[in-house]
Amino acid sequence: MDDELAALLKRLGLTPSGPLAPLSGGDIAEVARLETRQGAIVVKRDDPARLAGEAEGLCTLHDALKGSALRVPEVLGQEGPWLVMEALSTARPSATSDTALGEGLRALHGVNREAHGWPRDNACGHTPQPNAPLADGRAFQRERRLMPLAKACHEQGLLERPLRRRLEAVAEGLESWLPDAPASLLHGDLWSGNVLHTDEGPALIDPAVYAHYPEVDLAMLTLFGTPSAAFFEAYWNGHGPGDWPRREALFQLYPLLNHLLMFGSGYRGAVERVLGRLEMS
844 MDDELAALLK RLGLTPSGPL APLSGGDIAE VARLETRQGA IVVKRDDPAR LAGEAEGLCT
904 LHDALKGSAL RVPEVLGQEG PWLVMEALST ARPSATSDTA LGEGLRALHG VNREAHGWPR
964 DNACGHTPQP NAPLADGRAF QRERRLMPLA KACHEQGLLE RPLRRRLEAV AEGLESWLPD
1024 APASLLHGDL WSGNVLHTDE GPALIDPAVY AHYPEVDLAM LTLFGTPSAA FFEAYWNGHG
1084 PGDWPRREAL FQLYPLLNHL LMFGSGYRGA VERVLGRLEM S
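Numbering (the working numbering), first residue to last: 844 to 1124.
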């Protein structure tokens, strides 16, 4: 076992009783389950700055969702390249868990912050995520999300100048249709792989927390998955926005640009398709 991890576990009062058992599903960091005499834990190894942001996000979500059926693993400790957290048992998803996920997300998004953004930058995957707060959500989406990634993708040769200009036109025109709104607390990277179904209900893992429009989390769920009708019924609770399809397309641009930057040109077509949806709205 790594000496730094062994020292951290000792400080936390945890005594390993078995070897590290690698867990599947992560493309960015090493994740493993570890049995200890005090119970099972999950350990994650990654860049220390990214892990510090993730630990802060997990603690924020854990506190915000106390009393909710939506769970977040408790952070036990983080130091250097290691994060230690509670292990959750997995189970098959059900209509009941989908309802709990919808209700829990609605509760999470009901937590408002004074501005769009977050007090510190964090990361979405390998990509640094700038979070310097702005009072206006349209400005935040433009200046902290769409413009920086469009520029980064263009500089890497992944986004041709005409497509970049189309993206910039959409970003510059947000005030023409998207109302400003209070900033809701978000998971920030809520693709289906970051929803864990457990014996005690659904749980959220691997956040990239900040505050922004609540549809950010919903758009990520629909980008790489198909949430059930039970989920949406519980989430909207009879009050869904009439322009959801347009918001869905807008808030899918950032994760698609991020995937284009991280994984290459295979995502360019998806960026262009979603951009086309917005241009036709």
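Backbone N, C-alpha and C fix where the C-beta goes; we use that ideal spot for every residue, glycine too.
Owing to the predicted nature of the structure, the values given are computational and were not obtained by experimental measurement.
Range of the contiguous beta strand (DSSP E) that encloses residue i
| i | result |
| --- | --- |
| A1046 | G1044 to L1047 |
| P971 | T970 to Q972 |
| K887 | G882 to R888 |
| H1040 | V1038 to T1041 |
| V874 | E873 to T879 |
| A1024 | No beta strand (DSSP E) holds A1024; DSSP gives it neither H nor E. |
Coil, strand or helix - residue i by DSSP
| i | result |
| --- | --- |
| L1006 | helix |
| Q1095 | helix |
| L857 | coil |
| H959 | strand |
| L977 | strand |
| P916 | coil |
| P891 | helix |
| H1102 | helix |
| V1013 | helix |
| A1054 | strand |
| A1028 | In the sequence on display, residue 1028 carries Leu and not Ala. In this structure, L1028 counts as strand in the three-state DSSP scheme. |
| P1088 | helix |
CB contact flag (residue i, residue j, <9 Å)
| i | j | result |
| --- | --- | --- |
| E873 | K887 | yes |
| H959 | P976 | yes |
| L1029 | V1059 | yes |
| R1111 | L1001 | yes |
| V918 | C902 | yes |
| L1010 | L1033 | no |
| A1024 | R956 | no |
| E847 | I884 | no |
| Y796 | R1008 | With the chain represented from 844 up to 1124, any question about residue 796 goes unanswered, as that position is not in the structure. |
| P973 | P962 | no |
| G923 | L855 | no |
| T942 | E1122 | no |
| S1035 | P1088 | no |
| A995 | A1014 | no |
| L904 | Q881 | no |
| L931 | L1039 | yes |
| L908 | A950 | yes |
| S1071 | A938 | yes |
Extent of the continuous alpha helix (DSSP H) run through residue i
| i | result |
| --- | --- |
| H1082 | No alpha helix (DSSP H) holds H1082; DSSP gives it neither H nor E. |
| A930 | Counting along the chain, A930 falls outside any alpha helix (DSSP H), and DSSP gives it neither H nor E. |
| E986 | From DSSP, E986 is part of no alpha helix (DSSP H); its letter is neither H nor E. |
| V1114 | R1111 to M1123 |
| T939 | A938 to H952 |
| L1064 | E1058 to L1066 |
*Check whether the stretch 889-904 touches the stretch 1049-1064, counting contact only when three or more Cβ pairs, one atom from each stretch, lie closer than 8 Å.*
yes
_Between the stretch 1063-1083 and the stretch 1094-1114, can you find at least three pairs of beta-carbon atoms closer than 8 Å?_
yes
*Validate contact between the stretch 901-914 and the stretch 939-948 using beta carbons, cut 8 Å, 3 pairs*: yes
*Decide yes or no for the touch test of the stretch 1077-1086 against the stretch 1029-1044: beta carbon pairs closer than 8 Å, at least 3 of them.*
no
*Is there contact between the stretch 1007-1020 and the stretch 853-871, where contact requires at least three CB pairs shorter than 8 Å?*
These segments do not touch.
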